[in-house]
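Following my numbering, the numbering of the sequence shown begins with 711 at its first residue and continues without gaps. First up is the structure itself, then whatever we jot down about it.
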Amino acid sequence: MAFQSGRFDEAGSHGLTRLTQHAMLEANRRGRYDDLVQDLFGAGASLELVTGLRQSAFILEVHHRDFDRLAQRLLGMLLDARLDASKLEQAIERTAQDPGLTDMHDFLEARLASALSSDTRYAAPPPPFPSSVQSLTERHVAIHMSSAFTPRNATVIAAGAFDAPALRRAVASYRGGIAAPVARLTPKLPSKARLPSMSDVNVLAYPVHITQPEEAAVLRVVGPLLQRRMERRFRTMGVGYAQEAAPMLTPWMDALVLTLPANDPSALDLGPFLLQEVAAVREGRVTPEEYTTSHGAALARLRLEDPNPRAVALQLASSIQTPAWYSPEVETSLAALSAEEFSRRVQPWLSESRLVHLLFTPYQTPRPASKSRIRGGGRR
711 MAFQSGRFDE
721 AGSHGLTRLT
731 QHAMLEANRR
741 GRYDDLVQDL
751 FGAGASLELV
761 TGLRQSAFIL
771 EVHHRDFDRL
781 AQRLLGMLLD
791 ARLDASKLEQ
801 AIERTAQDPG
811 LTDMHDFLEA
821 RLASALSSDT
831 RYAAPPPPFP
841 SSVQSLTERH
851 VAIHMSSAFT
861 PRNATVIAAG
871 AFDAPALRRA
881 VASYRGGIAA
891 PVARLTPKLP
901 SKARLPSMSD
911 VNVLAYPVHI
921 TQPEEAAVLR
931 VVGPLLQRRM
941 ERRFRTMGVG
951 YAQEAAPMLT
961 PWMDALVLTL
971 PANDPSALDL
981 GPFLLQEVAA
991 VREGRVTPEE
1001 YTTSHGAALA
1011 RLRLEDPNPR
1021 AVALQLASSI
1031 QTPAWYSPEV
1041 ETSLAALSAE
1051 EFSRRVQPWL
1061 SESRLVHLLF
1071 TPYQTPRPAS
1081 KSRIRGGGRR
């Protein structure tokens, strides 16, 4: 179950979203937390909390024989949550001990958003210390729960073997709240920024807008293609890096993102090599063998995901704002995608005029100017 709410909506109360998620399970008059834990344990189920920048979620994974029963129970707790103030203190204590409270798993998304938008809410970090949530009050949690975590802001996703009609009826029975759709960013392009980091990393992002399964097919191929070209390029140079080229789907923008260390140990700037590989793909300088290999890898990955309920659910959750990404027609479009059609569609996406280039690097204090001494004489 995904809610269109995250750190962006905390108004400076860092950790409020994570605490509210805990309270919906642990301090909720709609269900006893101890009973829920016992039920989950008895079914061998897992319940995971995800707290992001603009989307947060509860992920239930359980054997199909227990799914319908546990799903119905969670729907009642999460879509009709009623704060139990008498149990909030315990929820705060558990939240402070939750490793996910201070984890920024969406670091790249957050830094990209803050670089492209002047809205400071995109830079909202997790709390610096676990104890930070202890300053939050019942009023904070009650307001956040009743405004951000409502049926109008929820999307229920289910994958696997379950009673679909019964689940639809149950979800439809919950109403309330005011919809708060996430606005898509329209950044000024091209864009380049230098940001502080513990290490040197190049990030190239090319924003895309996926509205058709054919476009989703192209985006699925271009990532593996660039990844292979980057690996081959650096292998030829005799070096190896943890580079990546993959789609990044977020509620506020979708993009093809490439990451690579900014420098190698010899201080060689790697950015130009990365841009050269992008230019080669943009200009159609791709061999038939390269395209066939990358196209086959993308198609195989899609087909491997389909039988995996967790993979399907996570794909759907990541693309709520981009339904064409995982529509039923994507496999057909991907299988039929020719090298010529791929080249035609990808060319405008990889234009230099659409590039977002972020250079993450440690800021260094400039060295003071050294004093020079003038000596007489010279080489003859």
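No residue lacks a Cβ here, since even glycine has one placed at the ideal position from N, Cα and C.
Practice task
Give the DSSP-derived three-state secondary structure of residue 1067 in the structure shown.
Solution key: Here residue 1067 sits in strand by DSSP.
Problem - Limits of the unbroken beta strand (DSSP E) element including residue 769 - result: In the DSSP assignment, residue 769 falls within the beta strand (DSSP E) that extends over 766-771.
Handout entry: Nearest residue (CA-CA) to residue 777, options 910, 869, 887
Key = Comparing Cα-Cα distances from residue 777 to each of 910, 869, 887, the minimum goes to 869.
Exercise for the section: Using only alpha-carbon positions, find the residue among 963, 822, 937, 962 that is nearest to residue 902. Expected result: Residue 902 has its Cα closest to that of 822, out of 963, 822, 937, 962.
Practice task
Return the residue from the list 848, 889, 839, 876 that minimises the CA-CA distance to residue 859.
Solution key: Nearest of 848, 889, 839, 876 to residue 859, Cα basis: 889.
Problem - At least three beta-carbon pairs within less than 8 Å, the stretch 753-769 to the stretch 724-744 - result: Contact annotation: the stretch 753-769 touches the stretch 724-744, with at least three C-beta pairs closer than 8 Å.
Handout entry: Residue nearest to residue 896 in terms of C-alpha spacing, selected from 827, 745, 716
Key = Of the listed residues, the one whose Cα sits closest to residue 896 is 827.
Problem - C-alpha gap between residue 1018 and residue 1025, whole angstroms - result: Taking the straight line joining both Cα atoms gives about 11 Å.
Practice task
Say whether the stretch 905-916 touches the stretch 1054-1074, bearing in mind that this needs 3 or more beta-carbon pairs closer than 8 Å, one atom from each stretch.
Solution key: A contact exists between the stretch 905-916 and the stretch 1054-1074.
Handout entry: residue 1014, buried or exposed, once every other Cβ within 10 Å from all chains shown has been counted against 16
Key = Exposed, by the Cβ-count rule.
Exercise for the section: May I have the straight-line CA-CA distance separating residue 965 from residue 930, to the nearest angstrom? Expected result: Straight-line measurement puts the Cα of residue 930 at about 12 Å from the Cα of residue 965.
Practice task
Use the C-beta contact count for residue 748: other C-beta atoms within 10 angstroms, 16 or more gives buried, fewer gives exposed.
Solution key: It is exposed - the Cβ of residue 748 has fewer than 16 other Cβ atoms within 10 Å.
Exercise for the section: Evaluate residue 817 with the Cβ neighbour count: other Cβ atoms within 10 Å of its Cβ, from every protein chain shown; 16 or more gives buried, anything less gives exposed. Expected result: Label assigned to residue 817: exposed.
Exercise for the section: Mind checking which residues open and close the beta strand (DSSP E) that includes residue 1097? Expected result: Since the first and last residues shown for the chain are 711 and 1090, residue 1097 lies out of range.
Problem - Reduced DSSP category for residue 739 - H, G, I as helix; E, B as strand; rest coil - result: Reduced to three states, the DSSP call for residue 739 is coil.
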